[in-house]
Every structure is written in structure tokens, then in C-alpha cells.
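Peer 1: Its first residue numbered 8, the sequence shown is counted upward by one per residue in our numbering.
Backbone N, C-alpha and C fix where the C-beta goes; we use that ideal spot for every residue, glycine too.
Before I ask anything, let me first share the structure, which is written out below as C-alpha cells.
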Amino acid sequence: MITKGYGDSSPERDRDWSAEGSFEDQVWLRAVYGVIAVLGITGNALVMFTVARVPSLRSLTNMFIVSLAVCDLITSVFLIPLHLGFAISVPPGVAGDLLCRLLLSKFPLWTSFIASVLTLTCVTLERYSSIVHPFRYEALFTPRKAIGMIICIWAMAVLMNSYFFYIFYSDSGRCIIQWQSTAWRTFVGVANFSVIYIFPLSLMGFSYWRIMHNLHKSAMNMRQSTSSNGTENQLSRDLLTARKKVVKMLLTVVVTFAVCWAPNQFMFFAYMCGWNLDFSAWYYHASVLLAFCNSCMNPIIYGFKSKQYRGTLKKALGCRNKVGARANMLCSMTRFGGTAEIRGCPEDQRPKDYIRPR
């Protein structure tokens, strides 16, 4: 989470970091930021609108996806005043301190970044529990618990960035950052890099490895069962296929997040440990640009990876969907009381061996 001008080679010194670098003054770069902001606002607003309009999309997984869309929407909105060249004057006194700590420090951006990491971790654990430990799933994940998790995610994100209020302040119309010591800055850097990047990605990587292993094992068992008795359970096959598609889509989201944020996070770690980072250099701005690209990538991934999402988006916008019956709306498959229920699907779209739960 690098923000411009966190200091110089002497971390404990005061530093005016509000001055813009010459590279960021390039018109084309600001235009790219503008495009990212527009795409992020539009795409994530459509994700939230679609889930709100289509009842069949109101699943636990999509609750976390909406939370992720909120994170990306906040990032996209705050790109406009912070990176499109708007002049922001710093008033004296308490008002200037609040402006530096709440806005010019990019506090909303980095809070939404942490919330994104924690949300991706929760949705990964939700899928892991559903597929690897299905009998524990209903006890661990309920709509009320999911809402509680989302609230805790945002509370933790704000808490983890609370040190901004101790290191940012205004002085003579400038925003200044001052670390108490080099050791304190290094501790914050190592803690943030480990807790909000390395550990969550390691946990998600392990979880998806277990999920894919479980799905592969289920597919092998299904093929063996089919070859032995000569029959195939259409419902089980559809359930397995639906799970694979959701997992692949979410895995793509996680990999995209990791790749987009990797350069900036490794620069942040090196800088907090003493590397003299040039905030006006092209490579710094390239890392920031790549990180912010992530805010508009998820809706694109949903569109490319999910025919059901495209169909439900058309449905939410009032468009007629002329694709096949299975693509008309998302038929979310879940385990329900020992049987499989397909929720939100019209009668003619359900598999022929569908059993209605009692």
C-alpha cells in the first residue's frame, strides 16, 4: 500500500509528500486513470444492481462478491479526486489534519484494498467449506453469519489502517508524514505485507488446491459409478459442473488480484524496510496503475467466465435473453438436507431427475 512521499532514506524525518511527480503530470496517464475509474464504477455498480434485482443470485457466495464490488467501487470513486489532477488545498488546523489523514493519505483506497483481501479470503473459505466439508457448511455459513463476517471485514480494514491517524498531519498547507522511528516503520511494513498479502494468498492457494483435488476426486468417483451400473445421475453431474465453473471463476479473480497487486506490494515491503523509492519514477506509477486496474477487472471476469452472469445481467436490465433455457438465469446449486436443490430455476430448466426437497 504505497502512498506517495511516505518519506525518504531517513524514515523518521518529516516529508512533504503531497507534491506530484512529473511522470504523474502526463496527460495520457491521467486519461488512463480516468478510464479505469469509469470502467470500475460502471462494472461494479452493474454487479451490485444485478444481484439486487435477480432473486436467484442472492446466495452466500454472491453476498461476498457484492462486498468485493463495493471495495472496487470505492477504489474507482476515489481515483477521480486523487489521480485526475484535481487541486486540493490543505486548510490549517484540525480540518487540514483530517483532510490529510482521511483523504490525501489515500486511506479509503488502502482500506478497500484490505477489505478486498479479507473478502476474497472469506469467499474462498465459503467455497472450501461447501465443497470439502459439506456437512459442516450450514453450521459455519448462514446469511446472518455472512453479514456479520462482512461487517467484521470492514471493521478490521479500518482498524489495520488506523496508524494513518498517527503518522499523517498538516503543516503550513502541506501534508506531512512522520514515523516515530525506523524500527516502527519496518514493523508496520513487515506486518502489513505478511498479514494482508502473503498469508491470505497462501491460505487461498491451499484452499483452492484442496477444492480442485476434491472436485477431481468427485468426478473420478462419478465416472466409476457410471461405468459400473451403466446409469448417470444428471443432477449430480450438473451440480459438479456448476461447482467447477464457480470455483474456476473465483480462482481467476484471486489470481488476477495477486498479479495486479504484486509489484506494488513488493515495492511497499522493500520501501518500508529502507529502500529509497522514487515516487516520481515510471515503475512506481506503473505498479499503482496495475493495482488500480484490478478495481475494474472483476466484472469483466464475471462476464467472460459466466454465461449465467451475462444472462442475469440482461434479465436485470430488462433485456430479452434468447440464449438457451439453461443460460436464461443462474440456477444456483447447493446441498440441502441430504438432497440437491436447484434454486431460482423454472420447472422446465430443472434436470429430469430433480427431487424437490421436503
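1) Alpha carbon to alpha carbon, how far is Pro141 from Leu106?
2) To the nearest angstrom, how far is the alpha carbon of Met163 from that of Gln315?
3) Between Trp289, Ser225 and Asn305, which lies nearest to Thr384 when the distance is taken from Cα to Cα?
4) So for Arg65, helix, strand or coil by DSSP?
5) Rounded to the nearest angstrom, what separates Ile362 and Ser83 at their Cα positions?
6) Taking Cβ to Cβ, would you say Ala323 is nearer than 8 Å to Val61?
7) Taking the Cβ atom as the reference point for each residue, do Phe172 and Arg108 lie within a distance shorter than 8 Å?
8) Is Met227 closer than 8 Å to Arg244 when the C-beta atoms are compared?
9) Could you give the uninterrupted runs of the beta strand (DSSP E) lying entirely in the stretch 146-179, keeping only those of 3 residues or more?
10) So what's Ile43 in DSSP terms, helix, strand or just coil?
11) For the pair the stretch 129-138 and the stretch 64-79, tell me if three or more CB-CB distances fall below 8 Å.
12) Do the stretch 142-154 and the stretch 174-193 make contact, defined as three or more Cβ pairs closer than 8 Å?
13) Alpha carbon to alpha carbon, what distance is there between Lys113 and Val96?
14) Taking one C-beta from the stretch 284-301 and one from the stretch 245-253 each time, how about it: are there three or more such pairs within less than 8 Å?
15) Distance check for Ile205 and Phe213, CA to CA, integer angstroms please.
16) Give the DSSP-derived three-state secondary structure of Ile95 in the structure shown.
17) For the alpha helix (DSSP H) holding Ile307, just list the boundary residues, first then last.
18) Express the C-alpha separation of Cys303 and Ala126 in angstroms, rounding to a whole number.
19) Bridge partners of Arg181, per DSSP?
20) Can Ile81 and Ser119 be called in contact, C-beta distance under 8 Å?
21) Taking DSSP as the reference, what is the three-state secondary structure of Cys338?
22) For Gly103, I'd like the list of residues in its chain whose CB is within less than 7 Å of its CB, leaving aside the five on either flank, ordered along the chain.
23) In angstroms with no decimal places, state the Cα-to-Cα distance between Val101 and Ala38.
24) Could you pull the start and end residues of the alpha helix (DSSP H) that Ser119 belongs to?
25) When you compare the CB positions of Cys267 and Asn221, do they come within less than 8 Å of one another, or not?
26) Leaving aside the five residues before and after Ile160 along the sequence, list all residues of the same chain whose C-beta is less than 8 Å from its C-beta, in chain order.
27) Would you identify the three-state DSSP class for Gly325, choosing helix, strand or coil?
28) Can you list, in chain order, the residues of its chain with a C-beta nearer than 7 Å to that of Val195? Leave out the 5 residues immediately preceding and following it.
29) Report yes if the C-beta distance between Leu208 and Ala265 is below 8 Å; otherwise report no.
30) Going by Cα to Cα distance, which pick from Pro270, Lys255, Gly47 and Ile87 is closest to Ile7?
31) Excluding sequence positions up to five away, which residues of its chain have a Cβ less than 7 Å from the Cβ of Ala44?
32) For Cys280, name the three-state secondary structure that DSSP assigns.
33) Take Ala293 as the anchor and find which of Ile157, Ala269 and Phe311 has the nearest alpha-carbon.
34) Return the residue from the list Ser287, Phe286, Phe275 and Ser179 that minimises the CA-CA distance to Ala198.
35) Would Leu46 pass as a contact of Thr57 if the rule is Cβ separation under 8 Å?
Peer 2: The answer reads as follows:
1) Translated into positions along the sequence shown, residue 141 becomes position 134. Translated into positions along the sequence shown, residue 106 becomes position 99. Note on geometry: alpha-carbon atoms of Pro141 and Leu106 lie some 48 Å from one another.
2) Residue 163 sits at position 156 when you count from the first residue of the sequence shown. Residue 315 sits at position 308 when you count from the first residue of the sequence shown. Met163 and Gln315: Cα-Cα distance of roughly 33 Å.
3) A question about residue 384 goes unanswered here, because the residues of the chain that appear run from 8 up to 365.
4) In the sequence shown, counting from the first residue as 1, residue 65 sits at position 58. Residue state, collapsed to three classes: coil.
5) The count along the sequence shown starts at 1 and reaches residue 362 at position 355. The count along the sequence shown starts at 1 and reaches residue 83 at position 76. With a pLDDT of 41 at Ile362, under the threshold of 50, the predicted position of this residue should be treated as unreliable, and no value is reported.
6) Within the sequence shown, residue 323 is the residue found at index 316, counting from 1. Within the sequence shown, residue 61 is the residue found at index 54, counting from 1. In this structure, Ala323 sits near Val61, with a CB-CB distance shorter than 8 Å.
7) The sequence position of residue 172 within the sequence shown is 165, counting from 1. The sequence position of residue 108 within the sequence shown is 101, counting from 1. Cβ atoms of Phe172 and Arg108: closer than 8 Å.
8) Within the sequence shown, the letter at position 237 stands for residue 244. Within the sequence shown, the letter at position 220 stands for residue 227. No. Outside cutoff.
9) Within the stretch 146-179, the runs of beta strand (DSSP E) that reach at least 3 residues and sit entirely inside it are, in chain order, 175-178.
10) To locate residue 43, count along the sequence shown from 1; it is residue 36. In this structure, DSSP gives Ile43 a helical state, which the three-state scheme calls helix.
11) Short answer: they touch.
12) They do not touch, by the three-pair rule.
13) Taking the first residue of the sequence shown as 1, we reach residue 96 at position 89. Taking the first residue of the sequence shown as 1, we reach residue 113 at position 106. The question names Val, but residue 96 is Ser in the sequence shown. Rounded to whole angstroms, Ser96 to Lys113 spans 15 Å at the Cα level.
14) Proximity of the stretch 284-301 to the stretch 245-253 falls short of the contact definition, fewer than three beta-carbon pairs being nearer than 8 Å.
15) Counted from its first residue, the sequence shown places residue 213 at position 206. Counted from its first residue, the sequence shown places residue 205 at position 198. Each residue's alpha carbon lies about 12 Å from the other.
16) What you label residue 95 is simply residue 88 of the sequence shown in a count that begins at 1. Looking at Ile95 - three-state DSSP - the assignment turns out to be coil, as it is neither helix nor strand.
17) What you label residue 307 is simply residue 300 of the sequence shown in a count that begins at 1. Unbroken alpha helix (DSSP H) run through Ile307: Trp289 to Lys312.
18) In the sequence shown, counting from the first residue as 1, residue 126 sits at position 119. In the sequence shown, counting from the first residue as 1, residue 303 sits at position 296. Per the sequence shown, residue 126 should be read as Thr rather than Ala. Linking Thr126 to Cys303 through their CA atoms gives a straight-line distance of about 16 Å.
19) For the purposes of this step, residue 181 is identified with residue 174 of the sequence shown, where counting begins at 1. Arg181 is bridged to Asp178.
20) The residue labelled residue 81 in the question sits at position 74 within the sequence shown. The residue labelled residue 119 in the question sits at position 112 within the sequence shown. A contact, by the Cβ cut-off of 8 Å.
21) As a position in the sequence shown, residue 338 is number 331, starting the count at 1. Reliability of the predicted coordinates at Cys338 is poor, the pLDDT of 43 falling under 50, and no value is obtained from them.
22) As a first step, residue 103 is located in the sequence shown; it is residue number 96 there, counting from the start. Counting only residues of its own chain and dropping the five nearest sequence neighbours on each side, Gly103 has a CB closer than 7 Å to the CB of Val97 and Ser177.
23) One-based indexing of the sequence shown puts residue 101 at position 94. One-based indexing of the sequence shown puts residue 38 at position 31. Distance between the alpha carbons of Val101 and Ala38: 33 Å.
24) The count along the sequence shown starts at 1 and reaches residue 119 at position 112. Judged by DSSP secondary structure, Ser119 falls within the alpha helix (DSSP H) whose first and last residues are Phe114 to Val139.
25) Position 260 of the sequence shown holds residue 267. Position 214 of the sequence shown holds residue 221. Between Cys267 and Asn221, the gap from beta carbon to beta carbon reaches 8 Å or more.
26) In the sequence shown, residue 160 corresponds to position 153, counting from 1. Cβ neighbours of Ile160 within its own chain (closer than 8 Å, five residues either side excluded): Ser74, Ala122, Leu125, Thr126 and Cys129.
27) Taking the first residue of the sequence shown as 1, we reach residue 325 at position 318. Coil.
28) As a first step, residue 195 must be located in the sequence shown, where it is residue number 188. Excluding residues up to 5 positions away in sequence, Tyr170 and Met279 lie with their Cβ nearer than 7 Å to the Cβ of Val195 in the same chain.
29) Here residue 208 refers to the residue found at position 201 when the sequence shown is read from its first residue. Here residue 265 refers to the residue found at position 258 when the sequence shown is read from its first residue. Yes; because the gap between Cβ atoms is below 8 Å, this pair is in contact.
30) As displayed, the chain neither begins before 8 nor continues past 365, which places residue 7 out of reach and without an answer.
31) By one-based count along the sequence shown, residue 44 stands at place 37. Within its own chain, the residues whose Cβ lies closer than 7 Å to the Cβ of Ala44, once the five positions on either side in sequence are excluded, are Ser83, Leu86 and Ile87, listed in chain order.
32) Here residue 280 refers to the residue found at position 273 of the sequence shown. Residue state, collapsed to three classes: coil.
33) The residue you call residue 293 lines up with position 286 of the sequence shown. Nearest to Ala293 by C-alpha distance, out of Ile157, Ala269 and Phe311, is Ala269.
34) Numbered from its first residue, the sequence shown carries residue 198 at position 191. Of Ser287, Phe286, Phe275 and Ser179, the smallest CA-CA separation from Ala198 is found for Phe275.
35) Counted from its first residue, the sequence shown places residue 46 at position 39. Counted from its first residue, the sequence shown places residue 57 at position 50. Contact flag unset, no.
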